[in-house]
Amino acid sequence: ETGVTQTPRHLVMGMTNKKSLKCEQHLGHNAMYWYKQSAKKPLELMFVYNFKEQTENNSVPSRFSPECPNSSHLFLHLHTLQPEDSALYLCASSQLTGGGQPQHFGDGTRLSIL
Amino acid sequence: AQSVTQLGSHVSVSEGALVLLRCNYSSSVPPYLFWYVQYPNQGLQLLLKYTSAATLVKGINGFEAEFKKSETSFHLTKPSAHMSDAAEYFCAVSDDGGSYKLIFGSGTRLLVRP
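Chains as they are written, first to last, in our numbering: chain C, 6 to 119; chain D, 1031 to 1144.
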């Protein structure tokens, strides 16, 4: 496999459920990112991990809990979400943090909260 | 603070016509600039990037962009639109001040008429 793989591609959950999104990158990168993409809003950076350490939490509600066990894997644990959390969640990776490094994106998980 | 403005949330062209998607940026330091494309139900794919080596940057799928410092612009062009170019296009900026963030514009949806 190559690139950035996200699973599942689609997820429907109730507000009281607990679920996790998974991201895996096969590019040898050491920085990983979670973004939220909502309709009619700019792409929102949620979390950044660099060498497995979280370096940014962009004021994300605690009902979103990221985990980065190694540089190749990134998870987003979800619990007691709200309807406004319905969105496309994108994972990305880059070789290094810092300017000029392009980020490579997965195809996203389309999340729908009932 | 850095910012990106994409003029026009929707652009419609005829097949074979010139494509011009506008991007203006604001940055206090020399920027790195990127164009990404997003096809339906997919993540963002890097089209091209500017990292100060040359002001005219060629990307994939026949796209190119020109960095104009005096106009703080990085417009994306393609001489002849193809139906397969229909997608959403995002301009993004980062700086070289140690920031790993990509600041994205709000996107421009390109429609190609037969």
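Every residue gets a Cβ at the ideal spot worked out from N, C-alpha and C, and that includes glycine.
Could you tell me the boundaries of the beta strand (DSSP E) in which residue i lies?
i	result
D/Phe1064	Pro1061 to Gln1068
D/Asn1054	Val1049 to Ser1056
C/Ile118	Thr114 to Ile118
D/Thr1081	Note, D/Thr1081: premise wrong, no beta strand (DSSP E); not H, not E.
D/Thr1102	Where D/Thr1102 is concerned, there is no enclosing beta strand (DSSP E), given that its DSSP letter is neither H nor E.
D/His1040	His1040 to Ser1044
D/Lys1088	Leu1086 to Lys1088
D/Ala1031	Careful: D/Ala1031 lies outside any beta strand (DSSP E) and carries neither H nor E.
D/Thr1145	Any property of residue 1145 of chain D remains undetermined from this structure, which presents chain D solely from 1031 to 1144.
D/Asn1114	The displayed chain sequence assigns Ser, not Asn, to residue 1114 of chain D. Element bounds for D/Ser1114: n/a, residue is neither H nor E.
C/Leu86	Where C/Leu86 is concerned, there is no enclosing beta strand (DSSP E), given that its DSSP letter is neither H nor E.
C/Leu95	Ala92 to Ser99
Here's the rule I'm using: 16 or more other beta-carbon atoms within 10 Å means buried, otherwise exposed. How should residue i be labelled?
i	result
C/Gln106	buried
D/Asn1071	exposed
C/Gln87	exposed
D/Val1059	exposed
D/Ser1039	exposed
C/Thr114	buried
Give the straight-line distance between the Cα atoms of residue i and residue j, rounded to the nearest whole angstrom.
i	j	result
D/Ser1110	C/Gln42	30 angstroms
D/Gly1046	D/Thr1081	30 angstroms
C/Gln30	D/Gly1135	25 angstroms
C/Ser91	D/Cys1053	28 angstroms
C/Lys27	C/Gly8	14 angstroms
C/Ser67	C/Phe52	12 angstroms
D/Ser1056	D/Val1034	6 angstroms
D/Gln1032	D/Ala1122	10 angstroms
D/Leu1141	D/Leu1048	12 angstroms
C/Arg179	C/Ser117	As displayed, chain C neither begins before 6 nor continues past 119, which places residue 179 of chain C out of reach and without an answer.
C/Ser65	C/His34	Residue identity check: residue 65 of chain C is Val in the sequence provided, not Ser. C-alpha separation (whole angstroms): 24 angstroms.
C/Asp112	D/Lys1108	25 angstroms
D/Gln1068	C/Glu49	15 angstroms
D/Ala1116	D/Leu1132	24 angstroms
C/Tyr54	C/Cys73	7 angstroms
Quiz item: Is there contact between the region 30-40 of chain C and the region 48-63 of chain C, where contact requires at least three CB pairs shorter than 8 angstroms?
Solution: Yes, they touch.
Quiz item: Would you say the region 1064-1078 of chain D touches the region 106-116 of chain C, given that touching needs at least three Cβ pairs under 8 angstroms?
Solution: Touching, yes, given that three or more Cβ pairs across the two stretches are closer than 8 angstroms.
Exercise. Give, in chain order, every unbroken run of the alpha helix (DSSP H) that is at least 4 residues long and sits entirely within the region 7-81 of chain C.
Key: Listed in chain order, there is nothing to give.
Exercise. Say whether the region 1094-1111 of chain D touches the region 71-82 of chain C, bearing in mind that this needs 3 or more beta-carbon pairs closer than 8 angstroms, one atom from each stretch.
Key: Taking one beta carbon from each stretch, the region 1094-1111 of chain D and the region 71-82 of chain C have fewer than 3 pairs nearer than 8 angstroms; the two do not touch.
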